[in-house]
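Visitor: If you're matching positions, the sequence shown starts at 1 in full-length UniProt numbering and goes up one per residue. By construction, the Cβ of each residue, glycine as well, lies at the ideal position given by its N, Cα and C atoms.
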Amino acid sequence: MMVYQSQKARNRPAYIATLVGIIPVLYLSILIAPYMEDGLVGLVQHYSEISFFHPVWTDQTPQTMFVCLVIYLFVALIAIASRKRYHRRGVEDGSSDWADPKAMQKEFRSNSEQRIVYSENFAISFSKKDLFKHKRNLNTVLIGGPGAGKTTGFVYPNLLEMSANYVVLDPSGEVCRNTAKKLQDEGGYKVKVFNLKNTECSWCYNPFTYIKNDDDVQRVVTAIFKATTAPGTQTQDPFWDEAGKMLLSSLIYLLVYFGTDTEKNFPYVMNLLRAGRIENSEDEETKSALDILFQSVEQMYPDHICVRYYKNATSGAGKTMQSVQITLLSRLQKFELPSIKNIMCRDELELDKLGEEPTVLYLIIPDNDTSYNFIISLLYIQLFQVLYDIADTVYRGRLPRFVHIIMDEFANVHTPDDFLSILATCRKRNIGISIILQNIAQLKAKYKEGWENIIGQCDEFMYLGGNEDSTHKYVSGMLGTETIDTSTSGRQFGMHGNSSANYQQKGRELMKPDEVRMLSYDYAIIIVKNAPPLVDRKINVFHYKKAAGTPMGGANDMEYIIPQRLKQAVPDPDAETAKSQSHDPYEDTAYGTVQEDNIWISVDGTDYDIADYDIAELVQSYSIDLSELENFMEQCLTKK
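1. Just reading off the alpha helix (DSSP H) that A180 is part of, what are its end residues?
2. Among L379, A555, A445 and I455, which residue has its Cα nearest to the Cα of D347?
3. Compare the Cα-Cα distances from V535 to each of L43, D100, Q385 and I455 and report the closest residue.
4. Out of N453, Y447, R401 and A445, which has the shortest C-alpha to C-alpha gap to residue 713?
5. Where do the N-terminal and C-terminal ends of the alpha helix (DSSP H) with P101 fall, by residue?
6. Do the CB positions of C201 and N265 come within less than 7 Å of each other?
7. Quick one: give me the first and last residue of the alpha helix (DSSP H) that P157 is part of.
8. I need the straight-line Cα distance from L363 to D418, nearest angstrom please.
9. Just to confirm my understanding: we take V394, look at its own chain, exclude 5 residues before and 5 after, and list those with CB closer than 7 Å. What are they?
10. Can you list, in chain order, the residues of its chain whose CB lies under 8 Å from that of M552, leaving out five sequence neighbours each side?
11. Determine whether the beta carbon atoms of K135 and H414 lie at a separation below 7 Å.
12. Which residues mark the beginning and the end of the beta strand (DSSP E) in which M407 is found?
13. Do G466 and G187 count as a contact pair if the criterion is CB distance below 7 Å?
14. Mapping DSSP to helix, strand and coil, what is T370?
15. Between T228, I23, I435 and Q60, which has its C-alpha nearest I143's C-alpha?
16. According to DSSP, is F294 part of a helix, a strand, or is it coil?
17. Looking only at its own chain, which residues have a Cβ that is under 7 Å from the Cβ of Q457, when we skip the five neighbours before and after it?
18. Buried or exposed, going by whether 16 or more other CB atoms sit within 10 Å of the CB of H472?
19. Specify the secondary structure class of L254 as computed by DSSP and reduced to three states.
20. Do you know whose CA, among E559, I526 and G549, lies nearest E120's CA?
21. For F461, would you say it is in contact with chain B, using Cβ-to-Cβ distances shorter than 7 Å as the test?
22. Considering only residues of the same chain and omitting the five flanking positions on each side of Q564, which have a CB-CB separation below 8 Å?
23. Using 10 angstroms around the beta-carbon of Y591, count the other beta-carbons present and answer buried if the total reaches 16, otherwise exposed.
24. Identify the continuous alpha helix (DSSP H) that holds R219 and give its terminal residues.
25. May I ask which residues mark the beginning and end of the beta strand (DSSP E) holding P267?
26. Considering Cα atoms alone, identify which of A243, V386, D369 and S499 is closest to M321.
27. Count the other CB atoms within 10 Å of the CB of T209; is the residue buried (16 or more) or exposed (fewer)?
28. Whether or not the region 348-362 and the region 266-275 are in contact is what I'm after, with contact meaning three or more pairs of Cβ atoms, one per stretch, closer than 8 Å; do they touch?
29. From Q492, D514 and V168, pick the residue whose C-alpha is nearest to that of H404; which is it?
30. Please classify M344: does DSSP put it in a helix, a strand, or coil?
31. May I have the straight-line CA-CA distance separating N368 from K182, to the nearest angstrom?
32. Could you check how far apart the C-beta atoms of S95 and L510 are, in whole angstroms? I think they sit under 8 Å.
33. If I follow the unbroken alpha helix (DSSP H) through A531, where does it start and stop?
34. For M300, is the classification buried or exposed, using 16 other Cβ atoms within 10 angstroms of its Cβ as the cut-off for buried?
35. What is the DSSP secondary structure of I50, reduced to helix, strand or coil?
36. Measuring only the C-alpha atoms, how far is V324 from P238?
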């Protein structure tokens, strides 16, 4: 461990030695005092008569002691002041050195099995006792190119530790197949899967479940717009995005405050958005069904937030508003897919319980299609918000179980605007975040000028290998410089030939960039804050004792098969209709029926559930009287 000292502190041993030296100097002055009457000449003449063990006190003794003491102190202080400052011999040009993984392990982990494993011989504990001892957060930046072992050497081993709750981004679903059954059967974990690759085998996620206040609505809207904006895209006119945000906010506010549980979801937002279309956008007097709905709300709640946002969003001309709606529909087009509607109609993920009981949540995305990643971005934003709220309001700031969030494909998923703040504060909430990247260039592209701040908020850095030049240089710089001994020799031939050898010290990178590039596949470089770096063998999950009972350990029959849940996730339309019709209506109107969970419009003897049809299309197809529809919608809102 490097010791930092001021020049005064470094000279302290010399001062102490000087003070200790006063004793023998005074004793020596007593011995020579009887012979100093004739000065140094007398001392030289009687030198052989001095007895070391028989001092004699004379009248010359005090004077001799004083003179000797003054001379001694003068010489000592001159020596201290003029000495060369070789106080750090051997580290003049750098003090970096490799740590021993097993020795360093003792500082970061006791016997606790609550740990994050990094290599064969190194892990860091997240038990409360050890966290207080080593004072590091459990945020990790892990960098490795394709095939470097990010999944097999880090993700698998940490999941198989079964010592925390886990949220894992799982491209292609391989991690879920190979680990979920063991966690479920042996660890007693609740296994939940949000599967955007095969939505028939997915639990449902409804962002509306986690909207608790007006600020949450703004977070959701901002997240959707940022995550659906292509990287590097710059909008010349921000009006379209701002108008789209206000329109989407108004629809979400409307459903949050006035919608039923079955209406509070993004598929229903799409229904409302389509209800705002007008065939003849040139006619400024023409109203859409959505206009009528908001006018009804305004009559009862003139200053409601959804009304204010809608009026701001629709203050432009008809063509302008049509363009805003089309732009918004384009951003939200994935919600039109039946597969996405099925898994976002209700919520089964229970993000608010992730820090309470043994749970693992797999987020499966297609590894060849990033167009669905905005949904994962939205989930991440709500996940952090929910975990923080639960920790602060229920558990006095710290979740009962450590939550390890493994963010694979980090470069391709939008993170919250306050992600840096999350990295800085998640430790005290009992949360650790592992950021997995292919190379440093991905981080630079994602965060531009602020990419170093991400690494700065992570106390652990792990490099598994790769072939990207800027990454090699960055890792080499992080490792630092050591001081080495060098020698040069020369020889001259001829009549007066001679030879020479010179020895000197110089600084050298602990690993040069080309040496980082050639790092053995079996080894990883691990750098922990305020500790020397180490190189250790990666964990080979195929020989990892905790992989027993998994496909990696040879148990091919232990692969987890995600159950098909489509029939559970998608309500049966006939059953829902029968259920609605069995309820007693609140009120029958001249234009339709208001029921507990549904609003029905009767046209030519046929009942239409607004939740299942495009309102604008009904209005235009059947020439519905808008004034009657407006009165009807007002009654609906009053009853609901």
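Guide: This is what the structure gives:
1. Against the sequence shown, residue 180 aligns to sequence position 180. Counting along the chain, the alpha helix (DSSP H) containing A180 begins and ends at E174 to D185.
2. For the purposes of this step, residue 347 is taken as residue 347 along the sequence shown, with counting starting at 1. The shortest Cα separation from D347 among L379, A555, A445 and I455 belongs to L379.
3. Taking the first residue of the sequence shown as 1, we reach residue 535 at position 535. For the set L43, D100, Q385 and I455, the Cα lying nearest the Cα of V535 is the one of D100.
4. With the chain covering 1 to 640 only, the question about residue 713 has no answer from this structure.
5. As a position in the sequence shown, residue 101 is number 101, starting the count at 1. Per DSSP, the continuous alpha helix (DSSP H) segment holding P101 begins and ends at P101 to F108.
6. Within the sequence shown, the letter at position 201 stands for residue 201. Within the sequence shown, the letter at position 265 stands for residue 265. Annotated as distal: C201 and N265, with beta-carbon spacing of 7 Å or more.
7. As a working note, residue 157 is residue 157 in the sequence shown. If you look at P157, you'll find it in the alpha helix (DSSP H) that goes Y156 to E161.
8. As a position in the sequence shown, residue 363 is number 363, starting the count at 1. As a position in the sequence shown, residue 418 is number 418, starting the count at 1. Roughly 22 Å separates the two Cα atoms.
9. Taking the sequence shown and counting its residues from 1, one reaches residue 394 at position 394. Once the five neighbours on either side are set aside, V394 has no close Cβ partner at all.
10. Reading the sequence shown from its first residue, position 552 is the one you call residue 552. Excluding residues within five positions, the ones whose Cβ falls inside 8 Å are T152, Y156, N178, V541, F542 and Y544.
11. Walking along the sequence shown from the start, residue 135 turns up at place 135. Walking along the sequence shown from the start, residue 414 turns up at place 414. Between K135 and H414, the C-beta spacing is not below 7 Å.
12. The residue you call residue 407 lines up with position 407 of the sequence shown. Note, M407: beta strand (DSSP E), V403 to M407.
13. In the sequence shown, counting from the first residue as 1, residue 187 sits at position 187. In the sequence shown, counting from the first residue as 1, residue 466 sits at position 466. No, these two residues do not count as a Cβ contact at 7 Å.
14. Numbered from 1 along the sequence shown, position 370 holds the residue referred to as residue 370. In this structure, DSSP gives T370 a state outside helix and strand, which the three-state scheme calls coil.
15. Here residue 143 refers to the residue found at position 143 when the sequence shown is read from its first residue. Minimum Cα distance to I143 is reached at I435.
16. As a working mapping, residue 294 is identified with position 294 in the sequence shown. Helix at F294.
17. Translated into the one-based positions of the sequence shown, residue 457 becomes position 457. Closer than 7 Å at the Cβ level, and outside the excluded window around Q457, lie N139, L420, L423 and A424.
18. The sequence position of residue 472 within the sequence shown is 472, counting from 1. When all chains shown are included, H472 counts as buried.
19. The count along the sequence shown starts at 1 and reaches residue 254 at position 254. Helix.
20. One-based indexing of the sequence shown puts residue 120 at position 120. Out of E559, I526 and G549, the CA that lies nearest to the CA of E120 is found in I526.
21. Although the question refers to chain B, the structure presented lacks it and comprises just one protein chain.
22. On the sequence shown, residue 564 is found 564 positions in, with the first residue counted as 1. Sequence-distant Cβ neighbours of Q564 in its own chain, meaning closer than 8 Å and more than five residues away, are E200 and C201.
23. For the purposes of this step, residue 591 is identified with residue 591 of the sequence shown, where counting begins at 1. Note that Y591 scores a pLDDT of 36, beneath 50, so its modelled location is shaky and nothing firm can be said.
24. In the sequence shown, residue 219 corresponds to position 219, counting from 1. The continuous alpha helix (DSSP H) containing R219 extends over residues D214 to A227.
25. Against the sequence shown, residue 267 aligns to sequence position 267. Counting along the chain, P267 falls outside any beta strand (DSSP E), though it belongs to the alpha helix (DSSP H) covering F266 to R274.
26. Indexing the sequence shown from 1 puts residue 321 at position 321. With distances taken between Cα atoms, M321 lies closest to A243.
27. Along the sequence shown, read from residue 1 onward, the residue named residue 209 stands at position 209. By the beta-carbon neighbour count (other beta carbons within 10 angstroms, threshold 16), T209 is buried.
28. As far as the Cβ criterion goes, the region 266-275 does not touch the region 348-362, which means the pair count is below three.
29. By 1-based counting over the sequence shown, the position of residue 404 is 404. The candidate whose alpha carbon is nearest that of H404 is V168.
30. Taking the sequence shown and counting its residues from 1, the one referred to as residue 344 is at position 344. If DSSP states are grouped into helix, strand and coil, M344 belongs with coil.
31. Translated into the one-based positions of the sequence shown, residue 368 becomes position 368. Translated into the one-based positions of the sequence shown, residue 182 becomes position 182. N368 and K182: Cα-Cα distance of roughly 28 Å.
32. Numbered from 1 along the sequence shown, position 95 holds the residue referred to as residue 95. Numbered from 1 along the sequence shown, position 510 holds the residue referred to as residue 510. S95 to L510, Cβ: 10 Å. No contact.
33. By 1-based counting over the sequence shown, the position of residue 531 is 531. Careful: A531 lies outside any alpha helix (DSSP H) and carries neither H nor E.
34. Within the sequence shown, numbered from 1, the residue matching residue 300 stands at position 300. Exposure of M300 is indicated by the presence of fewer than 16 other C-beta atoms within 10 angstroms of its C-beta.
35. The residue you call residue 50 lines up with position 50 of the sequence shown. Shown here, I50 sits in coil according to DSSP, grouped into three states, outside any helix or strand.
36. By one-based count along the sequence shown, residue 324 stands at place 324. By one-based count along the sequence shown, residue 238 stands at place 238. Spanning the two alpha carbons is a distance of roughly 12 Å.
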